[in-house]
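Participant: Questions regarding the structure given below will be posed in turn.
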Amino acid sequence: MKKIFIIFAFLITFVFSAASVLADGNFLHTITLEKNDSGYNVILGSDKMTKVVKKSPENNELILELSGISSSESVNALYKGTNSIDGLVIESPGRNRLRIHITANDISNSTVIVEPIQGEPAIVGESVPLDKILWALFVLSLVTVIVKFSKHITEDEEQFSIRKDIKNREIQMYKKYRKDISIYPSLDHNSDARLKTLVKKIDRKIDERLISNIK
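If you're matching positions, the sequence shown starts at 94 in the working numbering and goes up one per residue.
Right, dumping it as structure tokens:
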């Protein structure tokens with residue numbers, strides 16, 4: 094069981110280390126607000142793909158929470174086909190995290206698009222980047238291997254316990270059998286010799302049985 098805990102600890106450390114590495118060097122450079130028929134297109138220009146959570150507390154308010162990304166020294170706000178944006182605020186609530194507040198009429202109907210320099214554009218909530226899919230499959234495969242390994246160890250332990258129980262039961266039966274033989278009265282010398290020979294044969298068979306259960 095100790096080996097299993099060590100493997101899980103290594104997995105957790107590896108996942109968090111990899112996530113930290115992926116976040117390094119990813120910056121938000123531009124925010125483009127583009128009017129469309131139903132609302133807006135909000136296009137986020139970054140170095141790499143990033144995770145975005147979209148929230149709309151009210152019809153005229155949009156909150157975007159980004160993780161695995163930082164703000165560049167200057168983030169350019171670009172407006173296409175609209176001059177009715179009431180407010181645009183970028184906050185940094187933590188390391189490699191950004192929160193974007195946008196206030197405008199019908200902004201809740203926006204389509205949010207991440208447009209990374211390294212990778213293909215993706216619509217938030219409608220597609221998953223390929224690297225995220227591959228990473229999820231890798232972690233899932235690793236967990237599956239660990240679970241199978243743990244199950245194999247558990248089965249071996251259960252099998253050993255069963256064999257141990259069988260061995261204990263047979264030892265008790267053997268002791269009872271020896272006790273019964275010892276109190277069995279001998280009729281004559283020949284009968285006693287035959288009885289001793291029979292006891293030796295049975296002893297040998299029991300020894301072989303016990304040894305096979307231990308393996």
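C-beta atoms are modelled at their ideal positions from N, C-alpha and C, and glycine is treated no differently.
#1: Would the beta-carbon of I183 fall within 8 Å of that of S164?
#2: Compute the Euclidean distance between the alpha carbons of S139 and I206, then round it to the nearest angstrom.
#3: For Q211, which residues in the same chain have their Cβ closer than 7 Å to its Cβ, ignoring the five residues on either side in sequence?
#4: My output table needs one value for I162: the three-state DSSP class, helix, strand or coil.
#5: Can you tell me whether E301 is buried or exposed, with buried defined as 16 or more other CB within 10 angstroms of its CB?
#6: Where does K293 fall in DSSP's three states?
#7: Can you give me the Cβ contacts of S203 inside the same chain, cut-off strictly under 6 Å, excluding the 5 residues immediately before and after it?
#8: Whose CA, out of G118, E151, K128 and T125, lies closest to the CA of T143?
#9: Taking DSSP as the reference, what is the three-state secondary structure of K141?
#10: What's the gap between the Cα of D199 and the Cα of E151?
#11: Exposed or buried, A229, counting other C-beta atoms within 10 Å across all chains shown (16 or more means buried)?
#12: Going by C-alpha distance, which of V146, V232 and L235 is nearest H194?
Facilitator: Let me spell this out:
#1: yes
#2: 11 Å
#3: D140 and K141
#4: coil
#5: exposed
#6: helix
#7: G132, Y133, V135 and L155
#8: G118
#9: coil
#10: 9 Å
#11: exposed
#12: V146
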